[in-house]
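There are 4 protein chains.
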Amino acid sequence: MSPSSTLPSSSPKPAKRRSIGARQNPEAEAAILTAAIAILTEKGPKGLTMDAVAREAKAGKATIYRWWPTRGALLLAVYARIKGDHTHADTGTFEGDVAAFFDYVFAFWRGDAGRVFALIIAEAQSDADVALALEAYRLERVTAWRAVVERAQARGDVQASVSPDALANTIIAVAWYHLVTGRLDVAGADLAAPIAAGCS
Amino acid sequence: MSPSSTLPSSSPKPAKRRSIGARQNPEAEAAILTAAIAILTEKGPKGLTMDAVAREAKAGKATIYRWWPTRGALLLAVYARIKGDHTHADTGTFEGDVAAFFDYVFAFWRGDAGRVFALIIAEAQSDADVALALEAYRLERVTAWRAVVERAQARGDVQASVSPDALANTIIAVAWYHLVTGRLDVAGADLAAPIAAGCS
Amino acid sequence: MSPSSTLPSSSPKPAKRRSIGARQNPEAEAAILTAAIAILTEKGPKGLTMDAVAREAKAGKATIYRWWPTRGALLLAVYARIKGDHTHADTGTFEGDVAAFFDYVFAFWRGDAGRVFALIIAEAQSDADVALALEAYRLERVTAWRAVVERAQARGDVQASVSPDALANTIIAVAWYHLVTGRLDVAGADLAAPIAAGCS
Amino acid sequence: MSPSSTLPSSSPKPAKRRSIGARQNPEAEAAILTAAIAILTEKGPKGLTMDAVAREAKAGKATIYRWWPTRGALLLAVYARIKGDHTHADTGTFEGDVAAFFDYVFAFWRGDAGRVFALIIAEAQSDADVALALEAYRLERVTAWRAVVERAQARGDVQASVSPDALANTIIAVAWYHLVTGRLDVAGADLAAPIAAGCS
DNA sequence: GACTAACCGAGACGGTACGTCTGGTCTTAAG
DNA sequence: CTTAAGACCAGACGTACCGTCTCGGTTAGTC
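Line by line, the protein sequences are chains A, B, C and D. Heads up, this note's numbering is the position in the first sequence plus 15, with the first residue counted as 1. Heads up, this note's numbering is the position in the second sequence plus 15, with the first residue counted as 1. Heads up, this note's numbering is the position in the third sequence plus 15, with the first residue counted as 1. Heads up, this note's numbering is the position in the fourth sequence plus 15, with the first residue counted as 1.
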């Protein structure tokens, strides 16, 4: 998935959307998630209310609450929809891998995705369910990075004494930090250098 | 200020608090900030509403809005009240300094302060004013850390090629990351090691 | 039909009720009307919603709407089910006939039937269809009473100058009035006296 | 108060209505009651929702619920506002008094007042508070009629053996009956005749 | 000493989002 | 064609919070 792509663009037919029987209507789900992104882009985080999403999506509020009982759950669904499956590229050097990651993820976050993910982090501070989901996602990313670190250690690029988990967390920490402080226009190489520098 | 201290304990006299003339009543300010912390502790972030603070503090809502026009401003005031002036200790080694910092700040954050600061970060994602204040605070912390890094570089503890700013930001990033993911029960030494390891 | 009987008691078999082909399933109708009465008894008028009836009767909402398109229609069906065919007894005197009627109808209404009929009157104030049905029922009752009045006039029990319709309506009015004001524990004789007193 | 008058007509200035301090704003009350009548006239009973009243009155829903916690309470307030203080005229004969009453009350009810009072009776069937208020109002009317009956008995117009209360209730019953069945275009004399006929 | 100005607690105001419930319509899968 | 099931849109429900406002009262500083 390209980092720049976010929305598959809304469907051009405003034909009334009805139930399709006693099961979830995928069109309704799509309309709701699409509406959530659209509102986030146009009105900002404060405008992203359940009422506004229902209005924009021409959906009943009950339909939203049926599938995503909280604002946090909706945010998670939106992020799951727009995020792609990132596989860490192998640039040959650990520093290169880290730099490439920062470049990729910052480019991705510069679109709607960053606003969504930042809101998820924010929501996690007051919603235990979102915190749980965020923690699961974080562990998944740590695991992915651990593999990269171990590959670099096997290659001799990173000292064996360094804890792969700690290093992975440091990288993710720097990425999140730039997201929540709104500084995504940084060159990945500049951030990768101090992290990788002494590990060699 | 000790990291563990958070509340000056609520005053035992519910005696009616009136105006003291055409200037701010310090008692009112104290009551409001104290009430905000109390609510945060008892009801959590979701319960921290302006109405609740006014009720708890026995203050008029207008009084709150007069001095802190937004929820974010109130949070910032609360944090300013409970945070102490931390000066980075000189442990002799850079890694030691970093470890000591993590231990200090995590201990501090384990009380109410961590909840407050995490909420400030969260609020900054949707409130530009809070984002601005947070950015100012961040730059202040970066400046403080830059001095420590440069001291370490002068001492030969950190390679001269490393950007002091980048290293300072990395340290802060790791601290915030542990705050927002609710993992403040980590030994500072474990986090300091991979950061400082290769910088030497 | 005995005035005291109201519910045929709910069926003891929760065995799944399915379609019986291309025609109305009488079991479904019975289950729905029975459920409506049960809800009315347990939850009161406010709890008598189409959703609740469907749940209680284990019926699809569409099934209810197919046969009774409005809440009023359902109420009318329920009342039609529980009301018996009352024939005005001939006690020998007009006053006796009126007293017997009050005693009978108040006893009948003291069960669920009264609540149902009172709700029909209430619903008629905002539902034209129910108002129409109620008017038809009222005219039927007036007709029945007119015969009694004329019988009394023939007998010389009631003066010929009295309008049979007006007198019939007065009797019905008093009955409804006691129903909607929740005063069904009155002796019919006490009400009959002033009505019949001067008509002789 | 003339039977035909219902609304003092809405004020011509749509100037924003604000709080007037920590006490009820009479303008807000007036706007809400006026709006309720307007909606009842235009949209009918089904359209009379709390949301619609708030919209029409440009009032917050909380303001409505603060003073009238239920739909029934609002209806009672509306009726209290439009009903006048009727004093039973002394026409010289009891039958004349009764006929005059019917003519007066039916004329009064032919406006908005009838719809409101019919709704109050309807609401009383499912709202105990309204039922209580209606009962209090009914007793007040019975008391007023009792005086008229006793006056007629003193005059020899009505037999002393007739229970004043029972007779009063009969008259009120006939009035309510015509209201809830939508038959207010009847000559009072026609109704008064059979009631008064035999009492003499 | 009178007057102004700004403060204080209190709480009503218009507005709006919350999460739930109900009303009616529709489709499915089974019979 | 009917049935149970239940998703769908729409929107009312009653509650809570927002930020503004007015009130009646207090006190400090100015005239």
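Ideal Cβ placement from N, Cα and C applies to all residues, glycine included. In this text, all values refer to a predicted model and were calculated from it rather than measured experimentally.
I'd like the list of long-range same chain contacts for residue i, defined as Cβ closer than 8 angstroms, with 5 residues on each side in sequence excluded.
i              : result
V201 (chain A) : F117, F121, H193
V131 (chain C) : I52, L55, L90, V93, Y94, I97
I136 (chain D) : L149, W191, L194, V195
D142 (chain C) : T85, R86, G87
T78 (chain D)  : A43, I47, A69
D66 (chain C)  : K76
V189 (chain C) : F117, L206, I210
Ignore the nearest five residues each way along the sequence and tell me which others in residue i's own chain have a CB closer than 6 angstroms to its CB.
i              : result
E110 (chain C) : A207, A211
A72 (chain D)  : A46, I47, A50
P179 (chain C) : R161, V164, E165
Taking 7 angstroms as the CB-CB cut-off, is residue i touching chain C?
i              : result
Y94 (chain D)  : no
Q168 (chain D) : no
V177 (chain D) : yes
Y152 (chain D) : no
V189 (chain D) : yes
L89 (chain D)  : no
T64 (chain D)  : no
A212 (chain D) : yes
T21 (chain D)  : Note that T21 (chain D) scores 41 on pLDDT, short of 50, meaning its location in the model is unreliable; the coordinates nonetheless yield the value given after this. Not closer than 7 angstroms to any Cβ of chain C, the Cβ of T21 (chain D) fails to qualify, so no.
S98 (chain D)  : Sequence check: residue 98 (chain D) is Lys here, not Ser. Closer than 7 angstroms: no.
State the start and end residues of the unbroken alpha helix (DSSP H) segment that holds residue i.
i              : result
Q39 (chain D)  : Segment: none, Q39 (chain D) is in no alpha helix (DSSP H) and carries neither H nor E.
A202 (chain C) : From DSSP, A202 (chain C) is part of no alpha helix (DSSP H); its letter is neither H nor E.
H193 (chain B) : 179-195
D144 (chain D) : 143-170
V131 (chain D) : 127-139
G111 (chain A) : 109-124
On the criterion of 16 or more Cβ atoms from any shown chain inside 10 Å, does residue i qualify as buried, or is it exposed?
i              : result
Q264 (chain C) : Absent from the model: residue 264 (chain C). The displayed extent of chain C is 16 to 215, so no value can be given.
S20 (chain C)  : Its pLDDT being 38, under 50, S20 (chain C) is placed unreliably in this model, and the coordinates cannot settle the point.
T64 (chain B)  : exposed
E57 (chain B)  : exposed
L134 (chain B) : buried
A151 (chain B) : exposed
D127 (chain A) : buried
R153 (chain A) : buried
W160 (chain D) : buried
A37 (chain A)  : exposed
W83 (chain C)  : buried
L182 (chain D) : buried
Counting only beta-carbon separations shorter than 7 angstroms, does residue i have a partner in chain B?
i            : result
S7 (chain A) : The question about residue 7 (chain A) has no answer, for chain A in this structure spans 16 to 215.
Once you ignore the five residues that flank residue i on each side, which residues in its own chain have a CB closer than 7 angstroms to its CB?
i              : result
G14 (chain C)  : Since the first residue shown for chain C is 16 and the last is 215, residue 14 (chain C) is missing from the structure and cannot be characterised.
G129 (chain D) : L194, L199
A114 (chain A) : G203, A204, A207
V163 (chain C) : H103, D112
G59 (chain A)  : none
S34 (chain A)  : N40
H101 (chain D) : Y119
E138 (chain D) : R86, G87, L90, V145
A175 (chain B) : Q168
N184 (chain C) : V157
Flag residue i as yes if its beta-carbon sits less than 7 angstroms from any beta-carbon of chain D, otherwise no.
i              : result
A137 (chain C) : yes
P84 (chain C)  : no
Y192 (chain C) : yes
P209 (chain C) : yes
L134 (chain C) : yes
T49 (chain C)  : no
With a threshold of 6 angstroms, establish whether the CB of residue i neighbours any heavy atom of the ligand ZN.
i              : result
V177 (chain D) : Of ligands this structure carries none, so the ligand ZN is not represented either.
Examine chain A for any beta-carbon lying closer than 7 angstroms to the beta-carbon of residue i, and answer yes or no.
i              : result
T56 (chain B)  : no
V195 (chain B) : yes
L147 (chain B) : no
Within the segment 45-89 of chain B, note down every full alpha helix (DSSP H) run reaching 4 residues or more, in order along the chain. 65-72, 76-82
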